[in-house]
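Chains as they are written, first to last, in our numbering: chain A, 1083 to 1188; chain B, 854 to 1729.
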């Protein structure tokens, strides 16, 4: 199985962390908080769609609210395969970082 | 919480348009939610800004994502295109070659058309600039006279009378003046006397110096860059002196940037109009004569018809002294948009010979025809090849390609062909351009910057070509039923040959029409060249007289020249027989007293008629034996006698209005009609007047008939004699036949250009036919082999192969000939004297095309019909 891309990893983790409240607006905020950079919605949608296509996440429609102009929210949920992918990437990273000599950036 | 704020509709549309794949209802909701939050915290404006920034910043993310999948697709398409090119090298080269020739022709023709249509558009206000043309009607008996010039007084009144006229420029122009620089004299043209509004109306820029300088001091002059370069190469001429006609010194105060070539008048020298008064003592506020050109800059909302009418009332208001004059004279003015002068105006006293809008129509038609012929080649060959590619398409379909994908792929292939051909054509066109402009005598060069302006046009052309050439093959090929194709294969004649044959017929119809036009134009030009003009054009040299003092010494000059035995005779006249375009007023007994009639005329001396070999049908020539001739006598041509309804044998008197009074004279003879205008025009009434040297109409030309022998020696002699008598004036001569030929220059150029493009179109169509012939024979190889084994002769097989093509071309002939007849009859309508369109021309055009076609395909059919059937049949 191909490894997750960094963007996919960030988005997938954000969905997992948000649990029941995982729709695009908080996902984007979450990713922005973690990475410290501004993300456009487009940059979120692309990995999100990819994740969905690969079968890592599921989506379902939520309720509509007035501040969304009557449009409903699309919620995402991490599937089992998604969790496996996360576990794998974590393993790879851990292996990468293990035993690396100490370094610091000023 | 406030009422939720909505992002504007247009922004949502924009978003949806840019990112169709990533905007559905719920994602728009995402955007709106954040928008709403920001609007609450920081206001509507910054929310809107955020929204727009989102859109912009998303584009790179998304395109990147999309490109990756696109690239692999394009790679695949490219690979297939290259493979198919390699497999069908002959057809592909025919296609590329045809497209290159077609597109190159199209580019060259459109550059010319653009050049012609762009005349005078470089003026910043060109849309609101109009020239005032004058029509003089009622005081003339029977005819009216439309001129490009106006009365000087008119322009002075315009601005004060009509607020909608923002500025009114006027100028006089001298086309044959002698300027001396450092003691050397030259004849120059385009010497303009302008008023202050000139620079308000026209957009001419200075290279150095100020435009105002010539109005501050009337003895200042502005010269053009080309004149500065010609006379003062590498120097700054400002402050130097130019002498005008040996009488007046002008000092140079500025240099004008060269006038663009697509201006209907050129400028080499500019001085203030005051000089008309100072040098020529001319009244520049008169209503009595015309002579200046007037151009006005109008307010945007002017109603032209109304203004024309009101301007035409001015002479009545300021000029006519009483009612009889008002009744008798009927001057009206009309306004011509400056941008239409070059192609649509043909008045008397035009500044330059203008172009012709019909030429533009002809050229545009040709350019489109050639392009169409090239596209048809592509369509035909691509669909023909498709039968070979049927299997490829079938397998693609079976594997799961949608029809859309197939169409895309074929269009992509077409666009590779078109884009490559276009790029090569652009390079070729650029290389050919210098030769092309020299044939047309127009500077159609194009700079890199200019070609960028044409970029949108080029892209449109490319897209149109791709669609024209590619859409039918794409739809056709993608429509294959994979089941049938894979099982039975696709036969070349599978029901589509009706379209193919009609396309070939269209191609050849176009080619035949072009060939026919070239033939007719060629014959007509030859006819004009050989037609007897009624006067001699052989071994006659003409010299223009500029030195006014020479006019008084004409008889001395004539005697001096005649001394040499190589000079047969010498004559002085106001005009030359190839172009007697001056008209003047006459009056004759029996005509209403207060009216005039306008007629072409030429004032000649006694030798003129003999020198040019003009024939008399009645009466006698002017002669020294009749001293009364010196006082003024007339010879009319037959057309004039007919127009006046006079009997050639009768005796008549005739009045010639000169300097405000009538010179009365007898009519002593009647001249056989000769062509004193171009062959476009009917022979007009004409009178010759013998009173040479009489006041205003001084002779302008000396004609010298020389005997056989080396022309250079005689020219040296003539030049020496002239310089002896008027040393200040450079000697310049011309040969009368050249002057005669120059009238047909445009049509000759048209003929040359048409010939080139006709050959190109025939070649393209021929190549297409060749491609089809190769293809058919390849498809029929087995059939031919079997037929031969069964006993068919080579001749029969050739007939079988060539028969279809011959029928196509015969059908093209049937369509093309009537169409060509109609078009050529229309073109010939411009000429007063023309050839009759006979069957022979049509038959020769038809045979020509048929021969080209048969020769083209014969090589291929011959090869097929003589091939050994064993070779063709043993391959399986």
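Even for Gly, the Cβ is constructed at its ideal location relative to N, Cα and C. Fair warning: this is a prediction, and the values are worked out from it, not measured in the lab.
With a cutoff of 8 Å on beta-carbon distance, residue 1132 of chain A and residue 1170 of chain A are scored as not near each other.
Residue 1249 of chain B counts as buried, since no fewer than 16 other beta carbons sit within 10 angstroms of its beta carbon. Scanning the stretch 1544-1577 of chain B for uninterrupted beta strand (DSSP E) segments of 3 residues or longer gives 1554-1559, listed from N- to C-terminal end. Among the residues facing chain A, residue 872 of chain B is included, as its CB has a counterpart in that chain under 8 Å away. The DSSP-derived three-state label of residue 1141 of chain B is coil.
In the displayed model, residue 1384 of chain B falls within coil according to three-state DSSP, outside both helix and strand. Against chain B, the CB of residue 1123 of chain A has a partner CB under 8 Å away; the residue lies at that interface. Listed in chain order, the alpha helix (DSSP H) elements of length 4 or more contained wholly in the stretch 1087-1170 of chain B are 1127-1133 and 1157-1165. Taking 7 Å as the cut-off between beta carbons, the residues of the stretch 1153-1173 of chain A near chain B are 1153, 1154, 1155 and 1156, in sequence order. As the crow flies, the alpha-carbon of residue 1323 of chain B is around 7 Å from that of residue 1263 of chain B.
In the assembly as shown, residue 1534 of chain B is an exposed residue. Its beta-carbon has fewer than 16 other beta-carbons within 10 Å. Contact between the stretch 1067-1077 of chain B and the stretch 1096-1115 of chain B is present: three or more C-beta pairs spanning the two stretches fall below 8 Å.
When C-alpha distances from residue 1097 of chain A are compared across A/1086, A/1121, A/1109 and A/1087, the shortest belongs to A/1109. C-alpha of residue 1500 of chain B to C-alpha of residue 998 of chain B: approximately 27 Å in a straight line.
For residue 866 of chain B, the closest Cβ of chain A is not nearer than 8 Å. For residue 1618 of chain B, the CB contacts under 7 Å within the same chain, skipping 5 residues up- and downstream, are 1226, 1360, 1361 and 1364 in chain order.
Residue 1148 of chain A counts as exposed, since fewer than 16 other beta carbons sit within 10 angstroms of its beta carbon. If you look at residue 1106 of chain A, you'll find it in the alpha helix (DSSP H) that goes 1106-1117.
Interface with chain B (8 Å Cβ-Cβ cutoff): residue 1151 of chain A is included. Per DSSP, residue 1484 of chain B is not a residue of any alpha helix (DSSP H), being assigned neither H nor E. In chain order, 883, 886 and 887 make up the part of chain B whose C-beta sits under 7 Å from the C-beta of residue 1107 of chain A. Under the Cβ distance rule, residue 907 of chain B counts among the residues neighbouring chain A, one pair being separated by less than 8 Å. Taking C-alpha positions only, residue 1119 of chain B is separated from residue 970 of chain B by approximately 17 Å.
Against chain A, the CB of residue 880 of chain B has a partner CB under 8 Å away; the residue lies at that interface. The residue among B/1137, B/1357, B/1188 and B/909 with its C-alpha nearest the C-alpha of residue 1151 of chain B is B/1188. Within the stretch 1049-1076 of chain B, the runs of alpha helix (DSSP H) that reach at least 4 residues and sit entirely inside it are, in chain order, 1051-1054 and 1066-1069. With a threshold of 8 Å between beta carbons, residue 1097 of chain A makes no contact with chain B.
The C-alpha of residue 1489 of chain B is placed about 35 Å away from the C-alpha of residue 1031 of chain B. Relative to the Cα of residue 872 of chain B, the nearest Cα in the group B/958, B/1407, B/899 and B/907 belongs to B/907.
The three-state secondary structure of residue 1363 of chain B, taken from DSSP, is helix. Taking 7 Å as the Cβ-Cβ cut-off, the stretch 912-932 of chain B approaches chain A at 914, 915 and 918, given in chain order.
Residue pairing of residue 1022 of chain B in beta bridges, as defined by DSSP: B/1148. Residue 1510 of chain B carries a strand assignment under DSSP once its states are collapsed to helix, strand and coil. Residue burial is scored here from C-beta neighbours: residue 1057 of chain B has at least 16 other C-beta atoms within 10 angstroms and is therefore classed as buried. Around residue 910 of chain B, the beta-carbon contacts reaching into chain A at under 7 Å are 1122. The Cβ atoms of residue 1394 of chain B and residue 1273 of chain B lie no closer than 8 Å to each other.
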